[in-house]
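J.: Read left to right, the sequence shown gives residues 125 to 225 (this note's numbering).
Cβ coordinates follow ideal geometry from the N, Cα and C atoms, glycine included.
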Amino acid sequence: MCPHLLEGVLNTVAKKWSVLIVGTLANHGLLRFTELQSRLGPISPKTLAARLTDLGRAGLVARRAHAEIPPRVEYRLTTAGREFWRSATPLVAWAAMRDHP
125 MCPHLLEGVL NTVAKKWSVL IVGTLANHGL LRFTELQSRL GPISPKTLAA
175 RLTDLGRAGL VARRAHAEIP PRVEYRLTTA GREFWRSATP LVAWAAMRDH
225 P
């Protein structure tokens with residue numbers, strides 16, 4: 125298997141907050157922007173918006189805007205995002221073992 129296939133995905137998910145965003149959406153499902161921000165902790169709205177855009181372009185996160193006032197936007201993992209998280213879960217477990225031997 126060619127390691128270059130991973131490069132595009134890793135360039136997106138290696139950015140600060142990206143894996144936490146994917147993991148939070150995997151654990152909590154559909155979330156509004158402010159709900160996601162509050163679950164993540166000290167992330168600025170600008171950074172969260174940028175990461176959601178990156179993850180959306182990578183096909184991992186879907187954005188749904190409702191035509192109502194005030195505007196309501198929800199985010200969820202796509203099928204590819206859920207597949208990525210399932211693939212990343214063993215890596216998360218490995219990292220946890222290294223942190224707490």
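Around the C-beta of ARG175, are 16 or more other C-beta atoms found within 10 angstroms, so that it is buried, or is it exposed?
T.: buried
J.: Just the Cα atoms here: how many angstroms apart are ARG222 and GLU192?
T.: 47 angstroms
J.: For GLU192, does the three-state DSSP call read helix, strand or coil?
T.: coil
J.: Using a Cβ-Cβ cut-off of 8 angstroms (strictly less than) and excluding sequence neighbours within five positions of ARG200, which residues of its own chain qualify?
T.: LEU149, GLY153, LEU154, LEU155, VAL185, ALA186, ARG188
J.: Report the option in SER168, ALA217, SER211, ALA138 whose CA atom is closest to the CA atom of ASP178.
T.: ALA138
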